[in-house]
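**Student:** Please read through the structure below; I'll follow up with questions.
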Amino acid sequence: MAEATPKRGTEKATIDCCMIVVTTEEESPRCIGITSGTKLSVEPQMETTDAVKLMIKGTLKAQKPEKQTLTGHTITLTDNLTILELIEILQGGFLTKDAETQKITGYTPPASGEEYTPVKFKLDAYSAQMAGSDITGYEKVSYPGCTGQPAGLNSEDDVFRATEYTINSAPGNGEAPYTIAYVDVLPTIATA
């Protein structure tokens, strides 16, 4: 058999957490664009089926290797700003707003011990694609079947809060755990 000649792979230089877009899967979907995210950490969640080995008198006669199945991701978004609309989606509760100005006046999470059905959403993460010193487009990674966890609001003297939002992505049966697309421009965000 002849040896194959290797071909260079498609190489993309990717930088920054340019934008996060969260779109809920509700009857009246909510869509939030976040441009203040500083870090998005993604950890694959794997389910492992153990290997089966046939050992006779200390000698391995046959084995069926272990299998690993990707079941989703745990996503941690570290943001320089506290996004109250995102907290409402991730952990429930409700925002209160001034009737005239629609300015947020407060937030109340679900009561302690109260059952909460998480809101499902899709998370789109955008990163810049660069060639030399020019942005040539954006990579869009989409995670389906997301639900959130309560966010801790830490505070420290002389330090701006960096809020960590933990999100679990669990795609439906037969659905890809994520998709990657390449776009020319970032989505336009309307003013609140």
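For the sequence shown, this note's numbering assigns the number 12 to the initial residue and increments by one for each residue that follows.
The beta-carbon is built from N, C-alpha and C at its ideal position, and this holds for glycine as well.
All of these numbers come straight from a predicted model, not from anything done at the bench.
If you draw a straight line from the C-alpha of residue 202 to the C-alpha of residue 43, how long is it?
**Tutor:** Taking the straight line joining both Cα atoms gives about 11 Å.
**Student:** Determine the extent of the alpha helix (DSSP H) in which residue 38 is found, giving its start and end residues.
**Tutor:** Run containing residue 38: none; DSSP gives neither H nor E here.
**Student:** Can you name the start and end residues of the beta strand (DSSP E) that residue 175 belongs to?
**Tutor:** Run containing residue 175: 174-180, per the beta strand (DSSP E) assignment.
**Student:** Report the CB separation of residue 138 from residue 28 in whole angstroms; it is logged as a contact under 8 Å.
**Tutor:** With a Cβ gap of about 7 Å, residue 138 and residue 28 count as contacting.
**Student:** Name the DSSP beta bridge partners of residue 98, please?
**Tutor:** In DSSP, residue 98 forms no bridge with anything.
**Student:** What are the start and end residues of the beta strand (DSSP E) that includes residue 110?
**Tutor:** Where residue 110 is concerned, there is no enclosing beta strand (DSSP E), given that its DSSP letter is neither H nor E.
**Student:** In terms of alpha-carbon separation, which member of 70, 67, 78 lies closest to residue 60?
**Tutor:** The candidate whose alpha carbon is nearest that of residue 60 is 78.
**Student:** Since residue 160 sits in a beta bridge, which residues does DSSP pair it with?
**Tutor:** Residue 160 is not bridged to any residue.
**Student:** Three Cβ pairs or more, each shorter than 8 Å: is that satisfied between the region 150-158 and the region 119-134?
**Tutor:** Flag = yes, the region 150-158 and the region 119-134 touch.
**Student:** Would residue 173 pass as a contact of residue 82 if the rule is Cβ separation under 8 Å?
**Tutor:** Contact flag unset, no.
**Student:** Using the three-state DSSP reduction, which class does residue 81 fall into: helix, strand or coil?
**Tutor:** In the structure shown, residue 81 sits in a strand (DSSP, three-state: E or B).
**Student:** How would you call residue 164, buried or exposed, if buried means at least 16 neighbouring beta carbons within 10 angstroms?
**Tutor:** Residue 164 should be labelled exposed.
**Student:** In terms of alpha-carbon separation, which member of 21, 115, 51 lies closest to residue 142?
**Tutor:** Among 21, 115, 51, the Cα nearest to that of residue 142 is on 21.
**Student:** Below 8 Å CB to CB, which residues in the same chain sit around residue 95 once its five sequence neighbours on both sides are set aside?
**Tutor:** Same-chain partners within the cutoff: 106, 115, 118.
**Student:** Please state if the CB of residue 176 and the CB of residue 101 are separated by a distance shorter than 8 Å.
**Tutor:** Result yes, Cβ atoms of residue 101 and residue 176 sit closer than 8 Å.
**Student:** Is the beta carbon of residue 32 closer than 8 Å to that of residue 198?
**Tutor:** Yes, they are a contact pair.
**Student:** With a cut-off of 8 Å on the beta carbons, I'd call residue 86 and residue 191 a contact; round off their distance for me.
**Tutor:** The pair is not a contact, with the Cβ atoms about 15 Å apart (cut-off 8 Å).
**Student:** With distance defined between alpha-carbon atoms, name the residue in 41, 169, 180, 97 nearest to residue 47.
**Tutor:** Checking every option, the nearest Cα to that of residue 47 belongs to 97.
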